[in-house]
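Undergrad: One structure, as structure tokens, below. Some questions next.
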Amino acid sequence: MQNLFLGIKNITKFKTVKRIIINPFMAKVLLPLVLRLDNFLRKLITTLSIQYNGGIHPKHDILKYEQWFIDRLDKEDVVLEVGSHTGEMSKKMSPHVKEILAVEIIPKHVKKAISMNSMENIRFLEGDATKMSFPGIEIDAVVLSNVLEHIELRTEFLRNLIANYSWKDNNPKILIRVPMLTRDWLPIFKKRLGIYYLLDSTHYTEYTEEELRSEILGAGLKINSFETRFGEAYLVCSK
Numbered sequence: 470m471q472n473l474f475l476g477i478k479n480i481t482k483f484k485t486v487k488r489i490i491i492n493p494f495m496a497k498v499l500l501p502l503v504l505r506l507d508n509f510l511r512k513l514i515t516t517l518s519i520q521y522n523g524g525i526h527p528k529h530d531i532l533k534y535e536q537w538f539i540d541r542l543d544k545e546d547v548v549l550e551v552g553s554h555t556g557e558m559s560k561k562m563s564p565h566v567k568e569i570l571a572v573e574i575i576p577k578h579v580k581k582a583i584s585m586n587s588m589e590n591i592r593f594l595e596g597d598a599t600k601m602s603f604p605g606i607e608i609d610a611v612v613l614s615n616v617l618e619h620i621e622l623r624t625e626f627l628r629n630l631i632a633n634y635s636w637k638d639n640n641p642k643i644l645i646r647v648p649m650l651t652r653d654w655l656p657i658f659k660k661r662l663g664i665y666y667l668l669d670s671t672h673y674t675e676y677t678e679e680e681l682r683s684e685i686l687g688a689g690l691k692i693n694s695f696e697t698r699f700g701e702a703y704l705v706c707s708k
């Protein structure tokens with residue numbers, strides 16, 4: 470009987486605390502703090518998950534995004550990978566294509582790629598992909614995996630990229646992966662409240678489908694396929 474009484478007393482206390490906290494006034498005070506805490510916890514979860522998983526982000530095994538690109542490349546393709554970072558994806562694609570021109574603008578990433586992920590058919594190159602050229606080489610495909618969101622003038626970037634190279638049959642396969650703003654209701658809600666909502670501090674944008682389609686078409690490209698999974702958009706485009 471005593472335990473029952475204590476249980477009822479605890480429930481009463483909880484209801485009192487709930488009434489104090491869960492109300493319109495306190496919601497306006499607490500919600501911004503909780504949403505910022507959510508941002509911090511998501512970053513912490515990522516860091517801890519990588520440590521727990523032996524230094525490898527578990528997203529690779531779950532999302533399998535590298536395989537999506539590999540499945541759309543051919544054995545004889547010469548591939549331009551823009552934003553190749555430290556070369557992990559270049560290395561995974563290399564057995565499935567003829568050659569990879571892996572371009573990265575950040576010097577330290579290029580050095581790490583060369584030291585850790587070199588293969589005979591990969592050339593790791595430092596520079597701006599819109600200002601480089603490869604005389605005598607016709608490129609079959611472009612890989613842009615989580616790259617566009619890091620670029621401020623994206624339509625201009627795509628136009629310059631396409632204009633800058635020689636393409637096999639003048640019709641490259643343009644394979645794109647980007648994060649979606651519409652991955653959940655929460656990023657949109659955070660944006661409305663003026664709270665940081667992007668996945669990464671180096672992102673200029675994260676997309677709705679309408680915005681993404683408009684941007685790609687505005688660059689003079691065709692969208693041959695569009696799919697979403699795990700809150701990301703995957704597109705196959707062409708000239």
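Start counting the sequence shown at 470; every next residue gets the next number (the working numbering). By construction, the Cβ of each residue, glycine as well, lies at the ideal position given by its N, Cα and C atoms.
Determine the contact status of T697 and H619, defining contact as a CB-CB distance below 7 Å.
TA: Contact flag unset, no.
Undergrad: Looking at C-beta atoms only, is the number of pairs between the region 617–637 and the region 584–603 that lie closer than 8 Å three or more?
TA: yes
Undergrad: Which first and last residues belong to the alpha helix (DSSP H) in which F593 is found?
TA: Looking at the DSSP string, F593 is not in any alpha helix (DSSP H); the run it does join, the beta strand (DSSP E), is I591 to E595.
Undergrad: Rounded to whole angstroms, how far is the Cβ of L613 from the Cβ of G552, which I believe are closer than 8 Å?
TA: 7 Å
Undergrad: Whose CA, out of K691, N639 and G700, lies closest to the CA of E675?
TA: G700
Undergrad: Tell me which residue opens and which closes the beta strand (DSSP E) that Y703 is part of.
TA: E701 to S707
Undergrad: Less than 7 Å between the beta carbons of A610 and L542, yes or no?
TA: yes
Undergrad: Is it true that the region 652–665 meets the region 499–513, where meeting means three or more beta-carbon pairs spaced less than 8 Å apart?
TA: Inter-segment contact for the region 652–665 and the region 499–513 is present: three or more beta-carbon pairs are separated by less than 8 Å.
Undergrad: Run through the region 529–584 for me and flag every whole alpha helix (DSSP H) of 4 or more residues, listed as ranges in chain order.
TA: Counting only runs of 4 or more, we get 534–539 and 557–562.
Undergrad: Is H554 near the ligand ADP, with its Cβ less than 6 Å from a heavy atom?
TA: Of the ligands one can find in the structure shown there are none, so the ligand ADP has no counterpart to examine.
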